[in-house]
Amino acid sequence: FIFIQLEEGVFTNSTSFRVGDDTVECSLGDFNGDTKLDVLVSTKKKRSYHHSVWISSPLGDSFVEQKLAVLSSQALAIDVDGNGWHDVLGFFENGSMYCETFSSAGTVAHSCNYLFPGFSRLDPYPKVPHLFVDLTGDHLAEIVFMDSTVNDGVRYLTPRMWGRFKNGWRETPTAINQIPGDHQFVGAPLAADFDADGLIELLVPICRKEDCKQSFNILSDEDSLMLFRVGDFSLDGYPDLVATLVEKQSLGQIKVIDNVLCTNCDRNGTRRFEINKSIFIQPKEVALGEIKMASFFDLKEDGNLDILIEYKPFEGETKFSFIPCDDKGDVTFLKVTVFTNVCGKDCKMLPKELGSGISWGGACASFSMSDGWGGSLKSSACQIPAGTHRALAPPYVLFGLGRSPNFVDELTIGAPLYADALNARQHTLKQIVPNSRIVVIPPKDGSQWLTRLYVTPSQLILQSLAVIALVCAMLLMVVAFLHYRERKEDRVERQQQSHRFHFDAM
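This is the structure in structure tokens:
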């Protein structure tokens with residue numbers, strides 16, 4: 179089933195198509211450049227994954243299947259050649275690469291393996307998504323393949339980073355440090371700027387057992403090691419985590435894990451994670467059912483992250499629901515969405531629409547501003563850093579600005595493409611109002627970036643207006659009272675004057 183989200187946060191059933199009776203994983207992308215979302219379907223059968231792409235019709239009401247290869251792990255929907263069209267990237271059982279592009283008709287066009295010269299083989303770490311994220315701070319996303327290395331019969335996670343260059347991709351083996359310690363069992367790595375220093379880090383959960391089960395269980399999908407999802411829930415500038423925790427035989431509970439300051443951490447650490455003890459008010463059917471998964475999602479497009487939950491009711495099949503989380507206090511945000519540049523201003527769209535409407539995975543952004551207390555705020559993030567194994571990464575970048583009322587000094591946006599001219603792949607905006615949502619379309623040819631800014635009034639502004647209105651009303655009441663008392667005194671004085679005896683008249 180495909181559901182369309184309206185501006186009010188309501189979902190309506192758009193269309194549906196049958197992909198089979200097996201459990202499937204889906205990734206979205208525009209594979210044929212028609213500005214309509216297509217669906218990459220991965221079906222697990224025994225130890226392999228059967229792939230197919232379902233190409234959307236021009237009206238988006240039906241889909242046509244294009245069968246692809248059988249791979250050893252879930253394939254990525256990723257733009258490897260920088261033309262704004264999504265491609266399919268995966269690996270065969272023998273470790274060789276499978277990379278295919280598509281034609282405008284939605285059929286397989288040609289292999290894109292040539293864009294990875296020097297690639298030999300890769301053994302993907304099971305149940306862990308590869309990443310498409312900027313780890314070097316140049317606003318140009320790298321591909322981080324989650325490889326496996328075997329030492330003394332034990333398999334270890336080994337991230338391998340490939341950077342984009344003029345003629346394709348090239349491995350940079352020294353860019354990512356080895357995971358500290360000798361940890362055999364890990365969860366899926368997360369990519370975010372956890373310490374707000376302007377550079378994205380990798381957070382790797384360490385597990386005691388292969389299935390990451392312990393005294394309290396963090397729920398994950400059967401075919402995934404995604405234990406946490408990341409997002410700035412508190413909008414303080416430091417990304418938080420959300421997970422579903424199960425203690426002993428109890429049902430799952432949704433917990434937000436706050437990213438807080440740490441003053442006595444080892445190895446010069448500055449942040450730590452602390453489970454928030456708040457209990458969320460859940461719909462009745464959700465509270466009586468079994469929660470299986472939780473993630474962050476901006477339901478009303480207001481900059482406040484809500485919680486998306488997957489649950490199984492007491493009776494019936496698995497469903498989805500949301501827990502609105504609107505009250506975050508008087509904090510501000512900056513939201514950036516980068517669309518693909520397949521059509522730019524030439525798209526056939528309604529007056530309120532802009533560009534293709536397809537989020538460009540791997541587009542990155544960073545900002546810097548003063549916080550009003552003599553310090554500075556800065557952070558960096560990328561759109562859709564992961565798209566497989568139910569990573570559920572949002573199709574936008576959301577920065578929390580805390581309680582600072584200052585303008586954002588500088589916002590730098592990078593497109594996931596290579597260009598000799600820096601202004602063709604990177605754009606800078608200055609002096610941006612907080613609580614803004616910015617939609618960006620990189621140039622197709624040339625250097626003319628298309629941007630549109632939407633401003634959401636802050637609660638502080640509304641509260642200030644309410645206070646001003648209240649003060650004005652009180653002043654009007656005081657003036658009216660004084661005016662009434664003065665008129666009353668004048669009337670009494672006139673009455674006394676009229677009853678006074680005039681001696682001069684005698």
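The opening position of the sequence shown corresponds to residue 179 in the working numbering, with each subsequent residue numbered one higher. Glycine included, C-beta positions come from ideal geometry on N, C-alpha and C.
- For G346, same chain residues with a beta-carbon under 8 Å away, outside a window of 5 residues either side, are Y292, L293, F294 and P295 in chain order.
- Separation of T515 and V231 (C-alpha to C-alpha, rounded to the nearest whole angstrom) is 25 Å.
- Inside the region 620-664, DSSP marks no whole alpha helix (DSSP H) run of 4 or more residues.
- In the DSSP assignment, S537 forms a beta bridge with F517.
- When the Cα atoms are used, E488 and S499 turn out to be separated by approximately 7 Å.
- DSSP places E463 inside the alpha helix (DSSP H), whose first and last residues are K462 to L466.
- Per DSSP, the beta bridge partners of G341 are R348.
- By the neighbour-count definition (other C-beta atoms within 10 Å, threshold 16), T422 is a buried residue.
- Here the region 196-211 lies against the region 256-273, with 3 or more beta-carbon pairs under 8 Å apart.
- For D316, no beta strand (DSSP E) encloses it, and the DSSP letter there is neither H nor E.
- Per the C-alpha coordinates, the member of R449, N584, Q609 and Q641 positioned closest to W551 is N584.
- Assignment of beta-bridge partners to V434 by DSSP yields V420.
- In terms of Cβ geometry, K462 and T496 do not form a close pair [threshold 8 Å].
- Out of L368, Q362, P620 and L309, the CA that lies nearest to the CA of G331 is found in Q362.
- Contact check for L309 and A369: beta-carbon distance about 5 Å, within the 8 Å limit, so the pair qualifies.
- C-alpha of F269 to C-alpha of L477: approximately 35 Å in a straight line.
- The Cβ atoms of D484 and C503 sit closer than 8 Å to each other.
- A Cβ-Cβ distance of about 5 Å is found for the pair F511 and L413, placing them in contact under the 8 Å criterion.
- V306 places its beta carbon less than 8 Å from that of H567.
- Between the beta-carbon of A593 and that of V575 there is about 13 Å, and that puts the pair past the 8 Å contact cut.
- When the five nearest sequence neighbours on each side are left out, the beta carbons in the same chain lying within less than 6 Å of the beta carbon of A571 are those of I562, P563 and A564, in order along the chain.
- Secondary structure of A255 (DSSP, three-state): strand.
- Sequence-distant Cβ neighbours of T606 in its own chain, meaning closer than 8 Å and more than five residues away, are E588, L589, T590 and I591.
- Only exposed fits G315, as fewer than 16 other CB atoms lie within 10 angstroms of its CB.
- Listed in chain order, the beta strand (DSSP E) elements of length 3 or more contained wholly in the region 583-608 are 586-592.
- Annotation: P351 to R449 spans about 28 Å, alpha carbon to alpha carbon.
- Taking a C-beta distance under 8 Å as the contact criterion, V509 and M547 do not qualify as a contact pair.
- In the three-state DSSP reduction, L293 falls in the helix class (H, G or I).
- Contact between I378 and V311 holds: CB atoms are separated by about 6 Å, below the 8 Å threshold.
- K387 and D239 have their C-alpha atoms roughly 45 Å apart.
- Contact between F517 and I619 holds: CB atoms are separated by about 5 Å, below the 8 Å threshold.
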